[in-house]
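Q: If you read the protein sequences in the order shown, they are chains A and B.
Residues in the first sequence are numbered consecutively from 359, following our numbering.
Residues in the second sequence are numbered consecutively from 359, following our numbering.
Every residue gets a Cβ at the ideal spot worked out from N, C-alpha and C, and that includes glycine.
Predicted, not measured: the structure shown is a model, and the values here were computed from it.
Please find one structure pasted underneath; my questions will follow.
Protein chains: 2
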Amino acid sequence: MQLFHREEIEQVIRLDTDVIQVIEEAFSALITKKVHMPPIMRVDVPINNGEVDIKSAYIEGFDSFAVKLSSGFFNNPKLGLPSANGMMILLSAETGIPEAVLADNGLLTDIRTAAAGAVAARHCSREDSRVAGIIGTGAQARLQLQALTLVRPIEHVLVYGRRQEAAEKFKKDIKELLGLQVNVCGSPQQVVEKSDIVVTTTPAKEPIVQSEWLHAGLHITAMGSDAEHKQELECAVLDKADVFVCDVIQQSKRLGELRNCEAHISEKAIELGEITTGRKRGRESDNQVTVCDLSGTGVQDTAIARHVYSLLV
Amino acid sequence: MQLFHREEIEQVIRLDTDVIQVIEEAFSALITKKVHMPPIMRVDVPINNGEVDIKSAYIEGFDSFAVKLSSGFFNNPKLGLPSANGMMILLSAETGIPEAVLADNGLLTDIRTAAAGAVAARHCSREDSRVAGIIGTGAQARLQLQALTLVRPIEHVLVYGRRQEAAEKFKKDIKELLGLQVNVCGSPQQVVEKSDIVVTTTPAKEPIVQSEWLHAGLHITAMGSDAEHKQELECAVLDKADVFVCDVIQQSKRLGELRNCEAHISEKAIELGEITTGRKRGRESDNQVTVCDLSGTGVQDTAIARHVYSLLV
């Protein structure tokens with residue numbers, strides 16, 4: 359078994375169209391192949407405001423699969439450490455023998471999560487989407503925007519963050535990183551009303567996006583909600599959308615945007631893999647409103663762990 | 359984060375009274391401390407007759423905890439490989455940061471499982487137990503016997519295995535390893551009737567030990583059953599026992615010997631940690647029959663991972 363540290367992993371992988379393709383195929387596999395994906399396991403460490411989530415998925419026909427540990431210890435910033443951490447273990451699906459430990463500190467999760475946003479945008483947003491609206495200013499906000507630029511001709515960025523300072527830093531970083539014009543907005547409403555694509559990347563516990571702000575041609579991807587206490591979109595947003603997509607409907611009901619919504623909304627939901635495989639249609643016209651809720655799946659982890667391992671060895 | 363291979367781990371740890379003490383304290387912690395132990399996560403790989411189980415437990419007050427992957431791929435022997443494999447990851451309970459990967463190939467599980475057998479024998483068997491009966495002839499059968507010799511004055515061993523050849527090999531190995539006299543028996547009944555302590559270490563799907571074979575002063579530890587389809591003891595064995603002990607009652611109901619038994623039997627069950635902490639009594643006289651069902655717990659993994667890491671660094 360080999361151990362790879364983050365520095366080695368960073369040298370072989372970055373967010374690019376190859377990775378987006380790998381993640382798109384993972385969503386397709388969820389529909390076309392038999393996938394064994396147990397529910398997420400969580401170990402709580404309440405005394406330190408921490409938790410470790412463990413995800414895994416075995417996709418039939420693949421010769422290896424990943425087990426991922428990802429932790430959130432929310433007292434860490436006080437110690438000068440990032441809250442999030444993580445690692446993946448790649449196991450042979452033929453023998454169960456561990457092949458590699460990818461001590462990536464969450465890098466691969468960041469990339470596969472952003473890549474999923476690109477897959478959603480590729481299949482649901484208007485092809486001529488030029489204005490990207492980002493709600494949230496963290497690391498994933500930057501990566502989501504970068505992912506969008508790989509699949510849509512983004513020219514202009516609108517950003518909203520609760521802390522003005524963080525939004526200004528985001529503007530500066532994006533200018534340097536992607537050379538894009540960024541405007542800091544005073545409210546999430548301004549972002550939504552003026553954008554072609556909106557990505558929400560917050561840990562919000564109360565809905566941020568309201569249904570009155572929706573407009574023809576808009577696509578929204580909600581990235582943030584991945585636990586029982588989080589929500590970024592009003593249920594009316596999902597209800598009004600012409601197309602509502604999830605990575606995994608069952609998981610969205612448990613941890614994502616569907617959790618608080620009435621049954622008729624989950625009944626209209628379709629899965630992203632149904633679109634990537636051509637079994638269902640995403641956006642059908644430029645005037646539709648499309649919404650996608652991504653809560654993160656083990657098949658993405660297995661797909662990116664296999665991909666990076668093939669690049670490392 | 360450091361990676362330790364099996365060869366390094368073998369150099370610092372072996373089955374001894376220190377490890378038995380560490381595991382005894384883990385059982386006590388299950389009773390005296392708040393323990394966060396999610397249900398076992400299982401990833402199935404049916405096409406290769408394989409599965410990976412993931413266990414974890416955080417014990418409040420401890421500064422680290424383990425996540426353990428253990429795999430059983432039952433086509434491996436055809437490939438000349440062992441079925442079982444595994445590794446542990448030790449995480450800081452203060453920051454969630456992974457401290458070490460213990461690539462032990464299941465060594466620590468073998469040791470902590472045998473040590474639990476010694477804890478059960480120490481608290482439940484007669485102090486003058488001299489005849490150990492072992493049903494099963496695999497690696498764990500050898501370790502369980504070795505563990506018994508550390509806590510009881512074992513002089514004589516009776517063994518039964520379905521394959522005579524494997525039982526003869528066991529006899530030869532034990533003679534060399536422990537210098538003990540071993541007799542191979544023709545039936546499990548012979549073993550049980552003539553032993554002071556019996557340990558069952560089989561993957562049996564139908565009960566092996568019958569209640570008519572019980573006799574005054576006997577202690578039985580059932581190690582084998584750790585899944586929904588396994589059972590080593592007739593329910594009447596548990597029913598007739600004067601004292602019936604589990605590592606974790608809820609887990610025994612789900613995966614262990616209690617699974618098929620009537621409710622009144624689980625009502626009389628006590629946990630091993632209740633005995634090790636002195637809150638309940640194990641054996642109270644030389645004439646009692648005591649039975650202990652061990653299905654394996656995450657606290658044992660956390661305890662042994664912490665112990666071995668302290669020896670390695």
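So is Leu427 of chain A buried or exposed if we call it buried at 16+ other beta carbons inside 10 Å?
A: Buried, since its Cβ has 16 or more Cβ neighbours within 10 Å.
Q: Would Val393 of chain A and Ile367 of chain A be called neighbours here (beta carbons separated by less than 8 Å)?
A: The answer is no: Cβ separation not under 8 Å.
Q: Can you name, in chain order, every residue of its own chain whose Cβ lies under 6 Å from the Cβ of Asn407 of chain B, other than the five neighbours on each side?
A: The answer, listed in chain order, is Phe432 and Asn433.
Q: Among the candidates B:Thr375, B:Leu361 and B:Leu388, whose CA atom is the shortest distance from the CA of Thr660 of chain B?
A: Minimum Cα distance to Thr660 of chain B is reached at B:Leu388.
Q: Alpha carbons only, please: which of B:Val601, B:Val649, B:Lys626 and B:Lys611 is nearest the one belonging to Glu642 of chain B?
A: With distances taken between Cα atoms, Glu642 of chain B lies closest to B:Val601.
Q: How big is the Cα-Cα spacing for Phe423 of chain A and Ile455 of chain A?
A: About 11 Å.
Q: Whose C-beta lies closer than 7 Å to the C-beta of Ala585 of chain B among residues of the same chain, with five residues either side of it excluded?
A: The residues are Leu613.
Q: What residues in the segment 396-419 of chain A bring their beta carbon closer than 7 Å to a beta carbon of chain B?
A: From the segment 396-419 of chain A, only Pro396, Met399, Arg400, Val401, Asp402, Val403, Ile405, Asn406, Gly408, Val410, Ile412, Ser414, Tyr416 and Glu418 have a Cβ closer than 7 Å to chain B.
Q: Whole angstroms is fine: what's the gap from Ala574 of chain B's alpha carbon to Thr453 of chain B's?
A: Approximately 52 Å between the Cα atoms of the pair.
Q: Within this structure, are the beta carbons of Leu596 of chain A and Glu570 of chain A separated by less than 8 Å?
A: No. Outside cutoff.
Q: Assuming Ala499 of chain A is part of the alpha helix (DSSP H), what are its boundary residues?
A: Ala497 to Val509 is the extent of the alpha helix (DSSP H) around Ala499 of chain A.
Q: Could you check which residue in A:Val477, A:Lys588 and A:Leu572 has the C-alpha nearest to that of Glu694 of chain A?
A: Nothing in the structure corresponds to residue 694 of chain A, since chain A is present only between 359 and 671.
Q: Is the CB of His587 of chain A under 8 Å away from at least one CB in chain B?
A: Judged by the 8 Å Cβ criterion, His587 of chain A is not in contact with chain B.
Q: Can you tell me where the alpha helix (DSSP H) holding Phe432 of chain A begins and where it ends?
A: Careful: Phe432 of chain A lies outside any alpha helix (DSSP H) and carries neither H nor E.
Q: Keeping to the same chain, check which residues put their C-beta closer than 8 Å to that of Gln504 of chain B; ignore five residues upstream and five downstream.
A: Around Gln504 of chain B: Leu373, Ala472, Leu535 and Leu536.
Q: Kindly indicate which three-state DSSP category Phe528 of chain A falls into: helix, strand or coil?
A: Helix at Phe528 of chain A.
Q: Could you tell me whether the segment 649-665 of chain A touches the segment 626-644 of chain B, where touching means 3 or more Cβ pairs closer than 8 Å?
A: Flag = no, the segment 649-665 of chain A and the segment 626-644 of chain B do not touch.
Q: Does the contact criterion of 3 or more C-beta pairs under 8 Å hold for the segment 632-639 of chain B versus the segment 630-637 of chain A?
A: Counting Cβ pairs under 8 Å, fewer than three are found: no touch.
Q: Among A:Glu620, A:Thr558, A:Arg521 and A:Arg488, whose alpha-carbon lies nearest the alpha-carbon of Pro511 of chain A?
A: When only C-alpha atoms are compared, the closest one is A:Arg488.
Q: When we look at the beta-carbon of Lys527 of chain A and count the other beta-carbons within 10 Å, is it buried (16 or more) or exposed?
A: By the 10 Å Cβ count, Lys527 of chain A comes out exposed.
Q: Within 10 Å of its beta-carbon, does His622 of chain B have 16 or more other beta-carbons around it, so buried, or fewer, so exposed?
A: Label assigned to His622 of chain B: exposed.
Q: For Val606 of chain A and Ala599 of chain A, I'd like the C-alpha separation in whole angstroms.
A: So the two alpha carbons sit approximately 18 Å from each other.
Q: Who are the Cβ neighbours of Asn463 of chain A in its own chain at under 7 Å, not counting the five residues just before and after it?
A: Arg364, Asn443 and Gly444.
Q: Give a yes or no on whether the C-beta atoms belonging to Met446 of chain B and Ala663 of chain B are separated by under 8 Å.
A: Going by C-beta atoms, Met446 of chain B is nearer than 8 Å to Ala663 of chain B.
Q: If you measure from the CB of Thr648 of chain A, is any heavy atom of the ligand GDP nearer than 7 Å?
A: Among the components of this structure there are no ligands whatsoever, and the ligand GDP is therefore not found.
Q: May I ask which residues mark the beginning and end of the alpha helix (DSSP H) holding Ser624 of chain A?
A: Taken as a continuous stretch (DSSP letters only), the alpha helix (DSSP H) holding Ser624 of chain A covers Ala621 to Lys626.
Q: Specify, as a first and last residue, the run of the alpha helix (DSSP H) that Val477 of chain A falls within.
A: First-last of the alpha helix (DSSP H) with Val477 of chain A: Leu465 to Cys482.
Q: Does the CB of Phe431 of chain B have a neighbour CB from chain A at under 8 Å?
A: Cβ-Cβ to chain A under 8 Å: yes for Phe431 of chain B.
Q: Taking C-beta pairs closer than 7 Å, name the residues in chain A that Glu452 of chain B reaches, listed in chain order.
A: Correct list: Asn406.
Q: Taking the alpha-carbon positions, what's the Val515 of chain A to Val657 of chain B distance?
A: If I take the Cα positions, the gap works out to 50 Å.
Q: Just verifying my parser: in three-state terms, what is the DSSP assignment at Val595 of chain A?
A: Of the three classes helix, strand and coil, the one that applies to Val595 of chain A here is helix, per DSSP.
Q: If I measure Cβ to Cβ from Lys391 of chain A and keep anything under 7 Å in the same chain, skipping five residues before and after, which residues do I get?
A: For Lys391 of chain A, where only same-chain residues beyond five positions count, the Cβ hits under 7 Å are Ile417, Glu418 and Gly419.
Q: Could you name each continuous alpha helix (DSSP H) segment of 4 residues or more that falls completely within the segment 551-598 of chain A, going from the start of the chain to the end?
A: Listed in chain order, they are 593-598.
Q: So which residues of chain A does Met359 of chain B contact, with C-beta pairs closer than 9 Å?
A: The answer, in chain order, is Leu361, His363, Met445, Val459 and Ala461.
Q: Anyone know if the C-beta pair for Gln609 of chain A and Thr559 of chain A falls short of 8 Å?
A: No; because the gap between Cβ atoms is not below 8 Å, this pair is not in contact.
Q: Is it true that the CB of Ile469 of chain B sits closer than 8 Å to the CB of Val550 of chain B?
A: No; because the gap between Cβ atoms is not below 8 Å, this pair is not in contact.
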